[in-house]
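> As you go down the protein sequences, you meet chains G and Y in turn. Just so you know, the working numbering puts the end of the first sequence at 538, numbered straight through with nothing missing. Just so you know, the working numbering puts the end of the second sequence at 538, numbered straight through with nothing missing. No residue lacks a Cβ here, since even glycine has one placed at the ideal position from N, Cα and C. Here it is: the structure, laid out below.
2 protein chains.
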Amino acid sequence: MDVIRVLVADDQELVRTGLRLVLRRERGIEVAGEARDGQEVIDLLERQDIDVVLMDVQMPRVDGIEATRLINERGGPRVLILTTFDLDEYVYGAIKAGASGFLLKDTSPQSLVEAIRVVHRGDAVIAPSTTRRLISHFVPRLPACGTAPDARVALLSPREREVLAEVAGGLSNAEIAERMYLSEGTVRTHVSSILAKLHLRDRVQAVVFAYENNLARPT
Amino acid sequence: MDVIRVLVADDQELVRTGLRLVLRRERGIEVAGEARDGQEVIDLLERQDIDVVLMDVQMPRVDGIEATRLINERGGPRVLILTTFDLDEYVYGAIKAGASGFLLKDTSPQSLVEAIRVVHRGDAVIAPSTTRRLISHFVPRLPACGTAPDARVALLSPREREVLAEVAGGLSNAEIAERMYLSEGTVRTHVSSILAKLHLRDRVQAVVFAYENNLARPT
DNA sequence: CGGCGGATCGACCCGAGGGAGGAGGTTGAC
DNA sequence: GTCAACCTCCTCCCTCGGGTCGATCCGCCG
């Protein structure tokens, strides 16, 4: 197993030093670079081989979230966000930006090291207090994906599922026909059988069904 | 800090023994009971003071998910799911049932112990590989809560938002009228101005918009 | 006070959507 | 070879949805 090369990004000297000291004690982990802001991270990644970026959120010039987004766009290394503030915007922003981890600075050194290894092998880690909030936030809207993937979905033929996805995109029959290289009549037929199979009344309910059952194609 | 009383629930003798051995080594953790299925867990909780239940999913009679649901209904202790199989149904089921944790049986003893402490203090923990899947599953549908709540939403009047929620429920104008004690004409007017303000073509696109912007009322 | 925007209703028109029904082609299972 | 399921396309018909115009009532603001 190779050494994990970590880049520490934080605008506070003290934090960087602390992290360096913590990580230096670990076998298999090496602090291969430091950065004071997001721009420095991007620049450093051009020149150095890095496996995991340990990234603060609040930094001058380019902040941690934006830097994470940039890293992900160009297929860079994994990013583990390390922040003082357990704010929803940070969490959502980080996850959307493509971060593989989200930890708070009050995490134990041991957990931090463990998290670095987790992130490095391609998995993800989220701080327990944050996980708790995320769960309580997502539970109310889980009827869709949870226990009720609605058996009726299985009734649809592959083609019908495709059409349903288009319907759920807000397209008219004519638009779907054009996009799928079909006649409008065919699209109508498909939509009709979708509605019949799912016992729905109109395409509006089909859209609702699609969203509730996660069949809407990724925007 | 008091001792954490743990109940180990698994139908396999070997697993229970292993867990007992692992946990016995830990200070501040005590295996206060064992159960072979969900029903036994429920029964035991009546008679014993338990802080955390370590719960397998696959068990005879009452399975782990169902047991978790029951425990949560009656305001019982925290539940930490411990399973061999990293299946989506298990994860969603467990979370919906109110579990505070979801770990795989290949977790290190150290992480398991840590997780028990996390769950006991009220936070939540999810296995890294599972977290990864959950994230990749939820990212595509994050435009809603994340950074882009679409400024156009602000254009809608409160009443229009109500109507939009009903539309997003798949209701026809007539149904909305009945439900909101309005004439169908009024509903039409509202829908029209919604479409105009949002630059949408028809109610189908309005439903899409509602879902993308989290305006669909909780089912 | 006048004016503006929201909420409530009505009347009209017409185009898209959906039901019913038929029809040809393909594939794969039995 | 038969049958079922799927995909493709068509016609006829009628309802629902949406645009447009107008109207009343209310509350708020300058």
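Could you please tell me which residues of the segment 486-512 of chain Y, in chain order, have their CB closer than 9 Å to any CB of chain G?
Val486, Ala487, Gly488, Gly489, Leu490, Ser491
> Hey, how far is the Cα of Met499(G) from the Cα of Leu490(G)?
12 Å
> Answer yes or no: does any C-beta atom of chain Y fall closer than 8 Å to that of Ile454(G)?
Answer yes: the Cβ-Cβ gap between Ile454(G) and chain Y drops below 8 Å somewhere.
> Apart from the five residues just before and just after Leu364(Y), which ones in its own chain have a Cβ nearer than 6 Å to its Cβ?
Gly395
> Considering Cα atoms alone, identify which of Arg366(Y), Asp375(Y), Gly357(Y) is closest to Leu333(Y).
Asp375(Y)
> Between Arg339(G), Ala413(G), Tyr530(G), which lies nearest to Leu431(G) when the distance is taken from Cα to Cα?
Arg339(G)
> Taking the straight line between their C-alpha atoms, what separation do you get for Arg451(Y) and Phe404(G)?
22 Å
> Cβ atoms of Asp382(G) and Gly357(G): under 8 Å apart, would you say?
yes
> Kindly indicate which three-state DSSP category Ala529(Y) falls into: helix, strand or coil?
helix
> What's the gap between the Cα of Thr466(G) and the Cα of Gly412(Y)?
Low confidence applies to Thr466(G): its pLDDT is 40, below 50, so where it sits in the model is not reliable, and the reading given next is rough at best. Each residue's alpha carbon lies about 6 Å from the other.
> Cβ of Pro477(Y) less than 8 Å from any chain G Cβ?
no
> Determine, using beta carbons only, whether Ile414(G) comes closer than 8 Å to chain Y.
yes
> Pair every Cβ in the segment 441-450 of chain Y with every Cβ in the segment 424-444 of chain G, then say whether three or more of these pairs are closer than 8 Å.
Yes: at least three Cβ pairs fall under 8 Å.
> Quick check: Val371(Y) and Ile323(Y), are their CB atoms within less than 8 Å of each other?
yes
> Count the other CB atoms, across all protein chains shown, that sit within 10 Å of the CB of Glu408(G); report buried if there are 16 or more and exposed otherwise.
exposed
> Report the CB separation of Gly488(Y) from Val527(G) in whole angstroms; it is logged as a contact under 8 Å.
7 Å
> Does the Cβ-Cβ distance between Arg480(G) and Lys516(G) come in under 8 Å?
no
> What is the DSSP secondary structure of Ile435(G), reduced to helix, strand or coil?
helix
> Using the three-state DSSP reduction, which class does Met378(G) fall into: helix, strand or coil?
coil
> Going by DSSP, what residue range makes up the beta strand (DSSP E) through Gly420(Y)?
Its beta strand (DSSP E) spans residues 420-423.
> How many angstroms separate the CA atom of Leu422(Y) from the CA atom of Pro428(G)?
Their Cα atoms are separated by approximately 21 Å.
> Going by alpha carbons, who is nearest to Asn532(Y) out of Ser476(Y), Glu345(Y), Ala484(Y)?
Taking the Cα of Asn532(Y) as reference, the smallest distance to any Cα among Ser476(Y), Glu345(Y), Ala484(Y) is reached at Ala484(Y).
> Please tell me whether Ile384(G) and Ala416(G) are closer than 8 Å, where the distance is taken between their beta carbons.
Yes.
> Report buried or exposed for Glu497(G), applying the criterion of at least 16 other Cβ atoms within 10 angstroms of its Cβ.
With fewer than 16 other Cβ atoms within 10 Å, it is exposed.
> Out of Leu406(Y), Arg344(Y), Asp362(Y), state which residue places its alpha-carbon closest to the alpha-carbon of Leu389(Y).
Asp362(Y)
> Are the Cβ atoms of Leu399(Y) and Ala328(Y) separated by less than 8 Å?
no
> Please confirm if Val372(G) has its CB atom under 8 Å from at least one CB of chain Y.
no
> Can you check DSSP and say which residues form a bridge with Arg324(Y)?
Looking at the DSSP assignment, Arg324(Y) forms a beta bridge with Glu349(Y).
> The alpha helix (DSSP H) with Arg388(Y) in it runs from where to where?
383-392
> Strictly under 8 Å for the Cβ-Cβ distance: is Val472(Y) near chain G by that measure?
no
> Relative to the C-alpha of Arg386(Y), which candidate in Ser512(Y), Ala535(Y), Ala418(Y) has its C-alpha closest?
Looking at the sequence shown, residue 386(Y) is not Arg but Ala. The candidate whose alpha carbon is nearest that of Ala386(Y) is Ala418(Y).
> To the nearest angstrom, how far is it from the Cα of Leu326(Y) to the Cα of Thr336(Y)?
Going by the C-alpha atoms only, they are around 12 Å apart.
> Rounded to whole angstroms, what is the Cα-Cα separation between Leu534(G) and His509(Y)?
Whole-angstrom Cα-Cα distance: 29 Å.
> Mind checking if Ile445(Y) is an interface residue toward chain G, Cβ cutoff 8 Å exclusive?
So, interface residue.
> With 16 as the cutoff for other CB atoms within 10 Å, does Gly504(Y) come out buried or exposed?
exposed
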